[in-house]
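Take a look at the structure set out below.
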Amino acid sequence: MTGRDLLWASSALVLLACLALVLLIVLTKVTRTVRERRTAELVAPHRPHLLAVASGEDEGGTHRDALIEVDGPARDAVDVVVVDLLGKVRGAPAEELASVLLAHGAVDRAPHDLRDRSTLKRARAAHILGLCHVGAALPLLVQALGDPAPEVRVAATRALGRIGEPTASAALLAAVGADRVVPAGPAADALEGMGVGISGSLRDALSASSPTTRTVAAYLSGEGSFSRSLDALRVALACDDDPTVREAAAVALGRMGRAADVVALLRETGADRPRALRRACAAALGELGEPSAVVGLTALLGDPDPRLAEIAATSLLLLGPAGRSALDSAASNPSVETARALARLQAGAA
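For what it's worth, the working numbering labels the leading residue of the sequence shown as 2, then goes sequentially.
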C-alpha cells in the first residue's frame, strides 16, 4: 500500500468517526426529546395537582392525595417533576411533595439506586435523599463523595448540605482534596449549610495534606468567623507552602483577626513576598480596622506595584481619622489621588 493509499484510508476512517459521532449526538438529542415529550404527556393530567401542592394551596391535602394515587407509567413521570419542584420550594409545600415521593417508594428505593450501574440513577438517588432530608442515608452519601462519576459526587455534596448534619463536614472537606475531587464551590455551599457545628472540622482541615482542602477551610473560617480556627490561620499565613492557602488565611484574618495580627499581616506585605499575597494582606489590614497598621500601610503607598499601592491607600481610608490623615500627608501619586478622590466622594455622600 502506497503512502497515498494510507492517507486516503486514514481520511476515510476520520470521516467515518466524525459521522458516527454526529449520528450519536443526533440520536441522543432525539431520544431525550422523545422522553421529555412522553413525560410531559403523562404528567399533563396531574399538573394542576402538582401546581396546587407546590404553591401551598392544598389546605385539605386533596391534591397531594391525588398525586399519591397516581400509578403506572405516570407515577415515574410525576416523580421526576416532584423532584424538580422540590429543588425550588421550601416549608410546608416541600414537605407535602416529599410525602408524595415517600408514598411512591422513591425514597425507599434511593439507597439501593445509589449503587446502581447507571450514573443518572445514582445522581438522582443522592438528589432525592437530600431533598427529602433523609438523615439515615448520611453514611451512604458520604460514601458517594468518592463515586467515579463527578455528577454523582456533586449530587451527594449538595444532598449533605441540604441535610445539614455537621458530622459529615470532615469527610466533605477531605473530599475536596481527594483524587476523585469534589468541586470546591458546591462543597463550600454545603458546608455553610451545616452551621456552626463544622468549626472543629475547619480547624483540623487547615493542617490537611491537600492545599485545596486547606484553602476551603481557610475561606470558610473567615466567612463564618469561626474563631476556633484563628491559631491555625496564623500558622497557615506564616508557614504554609501553598501561596493560595496563605492568601485565604490573610483574608480570613482580616475578617476576624485581632490587633496582634497586624504585625503578621504587615510582614507578609514585604517586597520578597508573592504579589498576590502582598495585596491580600494589604486589603486584610483595611478590613481588620486596626489603627496600628497605619504606618505600615503608608509605607506601601509608593510601592512599585501600583495595585498594591492602591489597595493600601483604600485600606487607610478604612482605618478612621488616623488613616485619612496619613493619606492626606502622603506624597502624591495616582494611587493616592484615587483614594483621596474616593474619600471626597464618601464625604460628599455623607
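We treat Cβ as the ideally placed atom computed from N, Cα and C, and that holds for glycine.
In this text the structure is predicted, and so the values were computed from the model without any measurement.
With a threshold of 6 Å on Cβ separation, who are the neighbours of residue i within its own chain once the five nearest residues in sequence on each side are excluded?
i, result
"Ala124", "Glu152, Val153 and Ala156"
"Pro275", "Pro244"
"Pro167", "Met195, Gly198 and Ile199"
"Ala111", "Ala126, Ile129 and Leu130"
"Ala67", "His50"
"Val143", "Ala169 and Ala172"
"Glu269", "Leu278 and Cys282"
"Arg163", "Gly131"
By the 10 Å Cβ neighbour count, where 16 or more other Cβ atoms means buried, how is residue i classified, buried or exposed?
i, result
"His128", "buried"
"Ala351", "Because Ala351 sits at a pLDDT of 49, beneath the cut-off of 50, its placement in the model cannot be relied upon, and the point is left open."
"Glu80", "Looking at the sequence shown, residue 80 is not Glu but Asp. The residue is buried, with at least 16 neighbouring Cβ atoms inside 10 Å."
"Asp262", "buried"
"His64", "buried"
"Cys133", "buried"
"Asp109", "exposed"
"Gly297", "buried"
"Asp241", "buried"
"Leu102", "buried"
"Ala158", "According to the sequence shown, residue 158 is Thr rather than Ala. Buried: at least 16 other Cβ atoms inside 10 Å."
"Ser226", "exposed"
"Asp77", "exposed"
"Val54", "buried"
"Ser336", "buried"
"Gly62", "exposed"
Using only CA atoms, which one of the options lies nearest to residue i?
i, options, result
"Leu146", "Leu130, Gly136, Cys133 and Ala172", "Ala172"
"Leu87", "Ser100, Gly287, Asp77 and Ala314", "Ser100"
"Asp273", "Asp304, His134 and Ala285", "Asp304"
"Pro368", "Ser210, Thr216 and Gly73", "Residue 368 falls outside the range modelled here, since the chain spans only 2 to 351, and no answer is possible."
"Val135", "Trp9, Val236, Gly223 and Gly165", "Gly165"
"Pro292", "Leu43, Ala331 and Ala260", "Ala260"
"Ala95", "Ala111, Glu58 and Ala78", "Glu58"
"Leu72", "Thr158, Ala107 and Ile199", "Checking the displayed sequence, the identity of residue 72 turns out to be Asp instead of Leu. It is Ala107."
"Val82", "Tyr220, His47, Ala265 and His113", "His47"
"Val252", "Ala314, Leu161, Leu318 and Tyr220", "Tyr220"
"Asp205", "Leu234, Asp190 and Asp180", "Leu234"
"Val246", "Arg39, Ser210 and Gly290", "Ser210"
"Gly271", "Gly290, Ala285, Ala300 and Ala250", "Ala300"
"Leu319", "Asp232, Arg118, Leu161 and Gly290", "Gly290"
"Gly324", "Leu286, Asp117 and Asn334", "Leu286"
Could you pull out every residue in the same chain whose Cβ sits closer than 8 Å to the Cβ of residue i, ignoring the five residues on either side in sequence?
i, result
"Arg280", "Asp306, Arg308, Leu309 and Ile312"
"Thr213", "Val177, Gly178, Val182 and Ala185"
"Ser170", "Leu192, Met195, Gly198, Ile199, Ser202 and Leu203"
"Ala332", "Leu302 and Gly303"
Given this structure, state the Cα-to-Cα distance separating residue i from residue j, to the nearest angstrom.
i, j, result
"Ala277", "Gly258", "20 Å"
"Glu224", "Ser316", "19 Å"
"His105", "Ala239", "56 Å"
"Lys122", "Gly321", "57 Å"
"Ala340", "Ala188", "37 Å"
"Ser330", "Gly255", "25 Å"
"Ala283", "Leu267", "7 Å"
"Pro74", "Glu288", "58 Å"
"Ala126", "Leu141", "11 Å"
"Glu70", "Ala41", "18 Å"
"Val295", "Ala327", "7 Å"
"Val27", "Ala45", "27 Å"
"Ser222", "Arg33", "43 Å"
"Ala21", "Trp9", "18 Å"
"Glu338", "Ala314", "9 Å"
"Arg229", "Glu248", "19 Å"
"Cys19", "Ser12", "11 Å"
Who are the Cβ neighbours of residue i in its own chain at under 7 Å, not counting the five residues just before and after it?
i, result
"Ala93", "Gly57"
"Thr120", "Ala150, Glu152 and Val153"
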